[in-house]
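In our numbering, the protein residues as written are 17 to 544.
For every residue, glycine included, the Cβ atom is placed at its ideal position computed from N, Cα and C.
Just so we're clear, the structure is a prediction, and the values are computed from it rather than from any experiment.
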Amino acid sequence: MIDRHRHGWWREAVFYQIYPRSFMDSNGDGVGDLRGIESRLDYLAWLGVDALWISPFFKSPMRDFGYDISDYEDVDPIFGSLDDFRSLLDAAHRLDIRIVVDLVVNHSSDEHPWFKAARSSRDDPKHDWYIWKPVEGRRPPNNWISLFEQRSAWYPNEATGEWYLATFTRNQPEFNWRNPELREAIYRVARFWLDLGADGFRMDVATAYFKDAEFRSNPPSPVLVPDLLQRHLYDRNRPEVHGVFREFRALADSYGDRMLIGETHGQDPALAASCHGERNDELHMAFNFDFLFRPWGAESFRRSAERWYEVLPDGAWPNFTLSNHDQKRHYYRYRSGADSDARARVAAAMLLCLRGTPFLYYGEEFGMSCERVPRKALRDPLGLSTWPLPLGRDAERTPMQWDASPNAGFSDAEPWLPVNRDYKDKNVEAQRADPGSLLTWYRRLIRLRSLEPALRIGELRWLDAPAGVMAFRRSFGNREIDVWLNFVARAKTVTTLGGSVLDDPGETIAAGDRELGPYEVLITAREA
Ligand code: GLC
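Structural data, given as structure tokens:
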């Protein structure tokens with residue numbers, strides 16, 4: 017038996033990310049809310065997920081839709097109340113589903129009372145909680161950029177004759193993590209949610225907490241994507257952050273079984289790997305986003321996963337993500353006409369069978385895609401500032417498609433973002449009853465994972481396979497599970513050791529050559 021507690025529940029969990037504005041609206045204002053989530057817990061339990069990460073639902077002026085927080089210890093009325101959160105948490109826990117809260121503490125909202133005090137005077141006790149530089153002439157102190165505004169990250173503050181720093185929108189001033197009182201204040205916020213019973217935190221832009229002590233300018237980047245116009249050597253990814261990760265870890269571990277997963281930015285998975293700490297005393301997990309940027313293909317994903325396994329320190333646990341609220345959904349990225357569903361099935365099997373905790377994004381389980389959001393419906397500050405480039409994030413945040421009724425069953429009112437036009441055919445209700453649907457496939461894979469320790473925590477060994485096929489063996493005790501994934505639209509011949517076919521119970525195959533059909537997934541099990 018595995019000691020789940022000692023081992024860490026999060027290693028074995030399937031996570032499901034909810035963007036709360038878009039999941040389920042319970043009060044008819046066109047925006048999703050906590051009661052809406054609670055009303056759909058039975059669906060999540062049916063699907064079989066073990067933990068939810070809910071994007072921010074705290075008090076916020078919504079300049080970045082909740083990633084700009086003006087009160088860390090309250091729920092925004094648009095999402096409900098603290099009592100709604102308590103009720104959701106209780107209901108989820110009764111179903112054995114954990115809830116991880118989004119901790120956005122690289123910056124606050126400019127409407128947070130802390131910032132209002134800080135900007136009022138250089139002598140204010142909270143002044144040093146944020147980052148300031150004296151205004152000397154018109155030139156900002158260095159070349160750091162505000163990602164969502166595509167301009168300098170330094171904004172003047174008249175009352176103090178200083179610039180403040182905000183690398184997302186101007187409404188998200190950045191904390192000074194070098195200040196011990198600020199640190200304590202954030203740890204109090206963390207304790208507030210852990211005391212309420214939250215199962216952990218997803219830590220927003222965790223690797224950006226510290227900026228260069230000398231405020232050096234970033235060197236230019238050769239790659240022309242807005243976030244990458246510069247190499248973020250000095251405004252993010254500073255080594256001092258590891259000290260804070262250790263403090264956070266000690267705090268979380270003092271509650272027993274809570275979990276921290278950090279959002280990391282950077283092209284090299286070595287950065288994410290380093291956030292676990294050499295002695296595994298930093299974050300429990302750090303997101304590796306490499307799959308979000310991989311072209312379709314067995315070799316491309318295999319190289320990515322191999323590198324991730326390689327760079328993780330001993331004892332650190334991997335995780336994988338194909339979609340989230342900041343990037344185009346993978347169903348859309350990897351679409352290929354009539355083969356789109358078949359590809360999504362292959363991707364799901366990869367995500368749910370690799371060694372590492374999988375993170376699903378709401379709607380991916382039935383193939384939600386991204387449609388073009390018309391200009392007048394755009395809401396995301398990044399999308400508005402970069403229009404007509406397709407960089408905005410509204411398309412991946414559209415309302416959950418529950419059924420074929422108006423507004424896809426998400427709300428009685430007009431939703432805050434348009435519902436994808438394909439919702440009448442593509443929705444939970446339509447696929448739930450269909451044994452051949454993508455949704456049923458996800459559910460079966462999740463169930464398989466929950467039944468098979470080999471898939472959850474077993475070792476992984478890559479198997480030889482022809483071009484276009486990814487193959488690996490997961491093993492635990494004497495149980496061996498082989499996963500064959502055909503990423504291409506042509507049949508491929510593979511040589512297997514045979515076994516019972518897990519993705520099609522009842523069938524067994526003999527050892528030897530076996531043809532894999534186009535986009536076929538074959539999962540076999542044996543006792544070694
Ligand atoms: C993270 C979030 C993103 C948000 C940004 C600023 O990258 O995932 O949605 O806009 O941080 O908080």
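Would you call residue i buried or exposed, if buried means 16 or more other Cβ atoms sit within 10 Å of its Cβ?
| i | result |
| --- | --- |
| GLN559 | Residue 559 falls outside the range modelled here, since the chain spans only 17 to 544, and no answer is possible. |
| PHE208 | exposed |
| GLY408 | buried |
| PRO285 | buried |
| LYS75 | buried |
| GLU536 | buried |
| ASN494 | exposed |
| GLU412 | buried |
| LYS392 | exposed |
| ASP306 | buried |
| GLY425 | buried |
| LEU467 | exposed |
| GLY452 | exposed |
Return the CA-CA distance between residue i and residue j, expressed in angstroms with no decimal places.
| i | j | result |
| --- | --- | --- |
| LEU464 | TYR325 | 23 Å |
| ASP106 | PHE492 | 34 Å |
| ARG186 | ALA169 | 7 Å |
| ARG477 | PHE488 | 5 Å |
| VAL116 | ALA206 | 12 Å |
| VAL504 | GLY313 | 8 Å |
| LYS142 | CYS291 | 29 Å |
| PRO404 | PRO36 | 26 Å |
| PHE95 | LEU212 | 17 Å |
| ASN158 | PHE131 | 22 Å |
| TRP179 | SER136 | 13 Å |
| ASP84 | ASP118 | 12 Å |
| ILE462 | LEU368 | 7 Å |
| GLU387 | ARG437 | 8 Å |
| THR337 | ASN304 | 7 Å |
| ARG199 | GLY331 | 28 Å |
Do residue j and residue i count as a contact pair if the criterion is CB distance below 9 Å?
| i | j | result |
| --- | --- | --- |
| ARG345 | GLU380 | yes |
| ARG274 | GLY216 | yes |
| PHE191 | TYR225 | yes |
| LYS508 | LEU479 | no |
| TRP333 | HIS281 | no |
| GLY514 | THR540 | yes |
| THR373 | PHE73 | no |
| ARG351 | TRP457 | no |
| LEU10 | TYR203 | A question about residue 10 goes unanswered here, because the residues of the chain that appear run from 17 up to 544. |
Identify which residue in the options has its Cα closest to the Cα of residue i.
| i | options | result |
| --- | --- | --- |
| ARG194 | PHE184, SER237, TRP148 | TRP148 |
| ALA214 | ASP139, ASP112, PHE303 | ASP112 |
| ARG110 | VAL121, SER137, LYS142, LEU60 | LEU60 |
| LEU161 | SER466, ARG232, LEU98, ILE94 | With the sequence shown as reference, residue 161 is identified as Ile, and Leu is not the correct amino acid for it. Among SER466, ARG232, LEU98, ILE94, the Cα nearest to that of ILE161 is on ARG232. |
| VAL389 | PHE375, SER421, LEU433 | LEU433 |
| LEU440 | GLY452, HIS143, SER427, TRP418 | Here residue 440 is Lys; the residue named in the question, Leu, does not match the sequence. Checking every option, the nearest Cα to that of LYS440 belongs to TRP418. |
| PRO129 | TRP145, LEU119, ASP118 | TRP145 |
| ARG295 | ASP410, SER320, ARG265 | ARG265 |
| ALA29 | GLY383, PHE375, ALA424 | PHE375 |
| PHE81 | ALA67, GLY48, ARG254, SER103 | GLY48 |
| LEU400 | SER316, PHE164, ILE34, GLY528 | PHE164 |
| GLU445 | GLY46, TRP62, GLU54, TYR35 | TRP62 |
| PRO469 | ASN423, PHE131, LEU370, SER385 | LEU370 |
| GLU54 | GLY44, MET40, ASP66 | MET40 |
| TRP69 | THR512, TRP25, TYR378 | TYR378 |
| ARG155 | PRO172, TYR458, ARG349 | PRO172 |
| ASP126 | ALA182, ALA526, ASN43 | ALA182 |
My output table needs one value for residue i: the three-state DSSP class, helix, strand or coil.
| i | result |
| --- | --- |
| ARG460 | helix |
| SER290 | helix |
| LEU276 | strand |
| LYS227 | coil |
| HIS341 | coil |
| THR402 | helix |
| ARG218 | strand |
| MET384 | coil |
| PHE375 | strand |
| ASN253 | coil |
| ALA527 | coil |
| ILE473 | helix |
| PHE39 | coil |
| ARG56 | coil |
| MET301 | strand |
| ILE113 | coil |
| THR176 | helix |
| GLN417 | coil |
| ALA487 | strand |
| VAL30 | coil |
| ARG135 | helix |
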